[in-house]
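Here full-length UniProt numbering is used: the first residue of the sequence shown is 1, the next is one more, and so on.
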Amino acid sequence: MPRVFLLSDIGNEPDDAQSLVRILTQPFEKLSSSGLPVYGMDGVGDGKDSEGSKRLVKAVDASDEPLWVPTISDQDNTGSWIRRNRPQLFYIASVHHFNRYALAAWGGISGDEYYNFPSFSNLDVVSPEWIQENIQSVGALGAKYPDADFIVEGDTPALLYLIPNGLSDPEHPEWGSWGGRYGPVTYGEGHYADSVDAIKGVSGRTIMSSQATVWRWREAFQNDFAARLKWSASSKFHDAPHAPVVVLNGDRSRKVVKMVVGEEEQYLEPSSNNNNPGRGVGRLELSDANAPIIAVTMPSKESLRAPGRNRRPDDDKHMHLILEVSDGTLVSYRRVVFTILGPAANDKTATDGKKPQETVHDEFSSTLEDRLG
Numbered sequence: 001m002p003r004v005f006l007l008s009d010i011g012n013e014p015d016d017a018q019s020l021v022r023i024l025t026q027p028f029e030k031l032s033s034s035g036l037p038v039y040g041m042d043g044v045g046d047g048k049d050s051e052g053s054k055r056l057v058k059a060v061d062a063s064d065e066p067l068w069v070p071t072i073s074d075q076d077n078t079g080s081w082i083r084r085n086r087p088q089l090f091y092i093a094s095v096h097h098f099n100r101y102a103l104a105a106w107g108g109i110s111g112d113e114y115y116n117f118p119s120f121s122n123l124d125v126v127s128p129e130w131i132q133e134n135i136q137s138v139g140a141l142g143a144k145y146p147d148a149d150f151i152v153e154g155d156t157p158a159l160l161y162l163i164p165n166g167l168s169d170p171e172h173p174e175w176g177s178w179g180g181r182y183g184p185v186t187y188g189e190g191h192y193a194d195s196v197d198a199i200k201g202v203s204g205r206t207i208m209s210s211q212a213t214v215w216r217w218r219e220a221f222q223n224d225f226a227a228r229l230k231w232s233a234s235s236k237f238h239d240a241p242h243a244p245v246v247v248l249n250g251d252r253s254r255k256v257v258k259m260v261v262g263e264e265e266q267y268l269e270p271s272s273n274n275n276n277p278g279r280g281v282g283r284l285e286l287s288d289a290n291a292p293i294i295a296v297t298m299p300s301k302e303s304l305r306a307p308g309r310n311r312r313p314d315d316d317k318h319m320h321l322i323l324e325v326s327d328g329t330l331v332s333y334r335r336v337v338f339t340i341l342g343p344a345a346n347d348k349t350a351t352d353g354k355k356p357q358e359t360v361h362d363e364f365s366s367t368l369e370d371r372l373g
């Protein structure tokens with residue numbers, strides 16, 4: 001897990017307590033501190049530092065590594081103040097008309113019927129019956145999971161965003177995660193807001209929405225939660241199911257694999273029982289010896305460098321491959337980013353020591369320097 005400092009008005013609504021139960025199934029090592037026992041802006045100002053605020057400052061100063069601060073309340077308008085006064089600060093927030101929660105991506109966790117947005121996702125796994133059987137009746141921690149008043153776990157996408165499962169990288173909100181997908185509101189500033197995904201159903205109908213960036217993963221993150229609760233109720237590893245481990249190029253981690261490739265070249269991901277890796281980028285080893293071979297063909301130069309929506313045709317281009325591996329219930333991922341260098345980089349004099357550009361890999365193109373300002 002990355003370094004995380006969670007802010008929550010935990011006793012205010014049931015969904016806050018629901019989110020806390022879920023996050024406690026993750027491998028966090030240190031526990032909580034209290035804020036001031038006051039309401040809203042009464043706790044803001046000189047001389048009103050709390051144990052929690054002091055620990056936040058200390059945590060920021062303790063390391064040069066990023067500190068992720070999910071705040072699942074924003075109850076005193078601190079968030080909007082930060083975005084106005086510190087526009088370069090990296091910040092992810094759904095922004096919409098005040099109190100119009102139905103517009104926010106986070107509703108995709110369970111709000112299909114409550115907020116009346118379309119989806120193809122399975123609502124059974126957020127139903128009261130499923131939650132009672134798979135969450136509330138499992139161990140001492142599950143027993144603390146309250147019934148929902150509005151929607152189930154509306155705050156949880158902020159936490160799901162940070163769970164390392166091989167799908168995502170917190171430094172790249174535009175790539176997508178269990179907690180949704182987000183893009184820069186203004187290039188050169190740090191605020192990222194809701195993006196959209198387009199999902200095609202079996203009927204051929206396509207739904208495009210911000211909520212789709214969350215509900216598309218619903219079965220996966222709900223089954224993961226149920227499995228982790230079973231594990232928390234037993235001291236024996238094998239008493240609970242565990243997600244498969246994807247080993248790619250000998251790497252068992254969940255890190256994104258990055259490779260520089262050529263235009264129109266084909267790269268193979270042979271299965272573990274294949275003795276001829278050929279020209280491939282490596283080996284995809286699964287517990288199932290009959291895993292298929294995956295062929296990936298890079299686009300042509302004409303396609304990659306075509307003008308039009310392609311604002312910077314000569315920039316490095318990036319193609320993403322997401323490997324999703326399942327045992328039928330639990331899912332693991334590995335993301336591979338293929339980078340095709342731009343024309344300047346392919347000049348030998350320009351390629352010595354050349355590294356691919358770090359970019360916002362979305363329907364837009366922007367360098368990391370543009371993003372951070």
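The C-beta atom is built at its ideal place from N, Cα and C for all residues, glycine as well.
All of these numbers come straight from a predicted model, not from anything done at the bench.
Nearest-angstrom beta carbon gap, residue j and residue i [assumed within contact, 8 Å]
i	j	result
residue 109	residue 152	7 Å
residue 60	residue 166	Rounded, the Cβ-Cβ distance is 28 Å, inconsistent with contact.
residue 6	residue 139	Between residue 139 and residue 6 the Cβ distance is about 22 Å, and since that is not below 8 Å, they are no contact.
Residue i - DSSP class collapsed to helix/strand/coil
i	result
residue 198	strand
residue 280	Confidence in residue 280 is poor, its pLDDT being 33 and thus under 50, which makes the residue's placement unreliable; the coordinate value appears in the next sentence. Residue 280 falls in the coil class under three-state DSSP.
residue 334	strand
residue 50	coil
residue 243	coil
residue 314	coil
residue 258	strand
residue 7	strand
residue 151	coil
residue 302	helix
residue 19	helix
residue 64	coil
residue 13	coil
residue 69	coil
residue 296	strand
residue 2	coil
residue 44	coil
residue 24	coil
8 Å CB neighbourhood of residue i in its chain, flanking five on each side removed
i	result
residue 313	304, 305, 306 and 307
residue 145	17, 18, 21, 131, 135 and 136
residue 13	149 and 150
Sequence-distant residues of the same chain with beta carbon closer than 7 Å to residue i, five excluded per side
i	result
residue 332	165, 166, 243, 244, 245, 246 and 325
residue 234	240
residue 125	218, 219 and 222
residue 2	66, 68, 162 and 170
residue 79	71 and 93
residue 85	none
residue 114	150 and 151
residue 287	The pLDDT assigned to residue 287 is 42, lower than 50, so where the model puts this residue is not dependable; a value taken from the coordinates is nonetheless given after this. If we look at residue 287 and ignore the five residues flanking it on each side, its Cβ neighbours are 244.
Contact under 8 Å by Cβ, residue i with residue j
i	j	result
residue 154	residue 213	no
residue 120	residue 199	yes
residue 169	residue 256	yes
residue 263	residue 340	yes
residue 183	residue 174	yes
residue 88	residue 190	yes
residue 225	residue 82	no
residue 337	residue 236	no
residue 205	residue 195	no
residue 123	residue 23	no
residue 221	residue 15	no
residue 104	residue 94	yes
residue 112	residue 128	no
residue 261	residue 298	yes
residue 141	residue 21	yes
residue 157	residue 179	yes
residue 72	residue 19	yes
residue 322	residue 311	no
Residues near residue i by beta carbon distance below 6 Å, same chain, minus five either side
i	result
residue 215	108, 119 and 121
residue 349	Confidence in residue 349 is poor, its pLDDT being 40 and thus under 50, which makes the residue's placement unreliable; the coordinate value appears in the next sentence. Once the five neighbours on either side are set aside, residue 349 has no close Cβ partner at all.
residue 185	191 and 193
residue 90	190
Short CB-CB distance (under 8 Å) between residue i and chain B
i	result
residue 238	Of the protein chains in the structure, only one exists, and it is not chain B.
**Message:** Going residue by residue through the region 78 to 140, where are the continuous alpha helix (DSSP H) segments of at least 4 residues, counting only ones entirely within it?
**Reply:** Here the runs fully enclosed are 78 to 85 and 128 to 131.
**Request:** Give, in chain order, every unbroken run of the beta strand (DSSP E) that is at least 3 residues long and sits entirely within the region 158 to 238.
**Result:** As far as the region 158 to 238 is concerned, its whole beta strand (DSSP E) runs of at least 3 residues are 182 to 184, 191 to 194, 197 to 200 and 206 to 209.
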